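The block underneath contains the structure these notes are about, expressed in structure tokens.
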Amino acid sequence: MSMFNRVLAVTNRTLCAGDFLHQIEQIAAAQPAGLILREKDLPESDYQALAARVLDICAATNTPCMLHSFAGVAHTLRCPRLHVPLAKLQAHPEWAQQFDVIGVSIHSASEAVCAQQLGASYVTAGHVFLTDCKKGVPARGLTFLCEVCQAVDLPVYAIGGITPQNMPDCLAAGAAGVAVMSGVMNRLADWCNQ
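The sequence shown stops at residue 195 when you use the numbering used here, and every number in between is there.
Structural data, given as structure tokens:
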């Protein structure tokens, strides 16, 4: 069985060398644990147009698709899954009741506990390893990941600098899986050949 079924694929179209929607098709065909349509630089109307297409692609392979931050878009498109930074869920605790799945980005064990208390379905914890997405910011490491996993009863997905080589270390630390951005945007074959 492929390790990819424990990967949350996180999108960033600026990292995608080829056609973005074609890449989404490739990712969905590989059957990840889910896909987070992150594209948070887009205006809401542009995000909604893109999300409609991505949701169709994911539906064709039964890939769970989480929209990112745009709760209104998720409601409009009848997407029951949303991923948000912790501060957004703190500002809108009702979202935990309005969505079947709510994922939360956290950066400490205490934030993970807060997310769980607010009704999160899962958390992404990072950044675990050094990553170009957070240039110059020290990695939090596997000890941090262990602390988060021990602090909550939720699935924890490690994020930040994740590779097929260090994914087993994340799972050994207690993570349910990993969340990967650049790897799925431009090095998908590295993951699918595991």
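Glycine included, C-beta positions come from ideal geometry on N, C-alpha and C. The structure displayed is predicted, hence computed values, not measured ones.
- Residue pairing by DSSP places V129 in no beta bridge whatsoever.
- Contact check between the stretch 117-132 and the stretch 41-60: fewer than three CB pairs, one atom from each, fall below 8 Å, which does not count as touching.
- Inter-residue distance for H128 and V138 is about 9 Å (C-alpha atoms, whole angstroms).
- Between S106 and P81, the C-beta gap is not smaller than 8 Å, which leaves the two residues out of contact.
- In this structure, DSSP gives A177 a state outside helix and strand, which the three-state scheme calls coil.
- In the DSSP annotation of this structure, the continuous segment of the beta strand (DSSP E) that includes R82 starts and ends at R82 to P86.
- With fewer than 16 neighbouring CB atoms inside 10 Å of its own CB, G19 falls in the exposed class.
- Contact between L189 and Q27 holds: CB atoms are separated by about 6 Å, below the 8 Å threshold.
- When beta bridges are read from the DSSP output, Y123 appears opposite G104.
- Under the 10 Å beta carbon count, Q24 is surrounded by 16 or more other beta carbons and is classified as buried.
- In this structure, A174 sits near L146, with a CB-CB distance shorter than 8 Å.
- Of the residues C150, I103, A176 and V11, the one whose Cα lies closest to the Cα of V55 is V11.
- The stretch 54-68 makes contact with the stretch 27-41; the number of CB pairs closer than 8 Å reaches 3 or more.
- T77 and A53 have their C-alpha atoms some 10 Å from each other.
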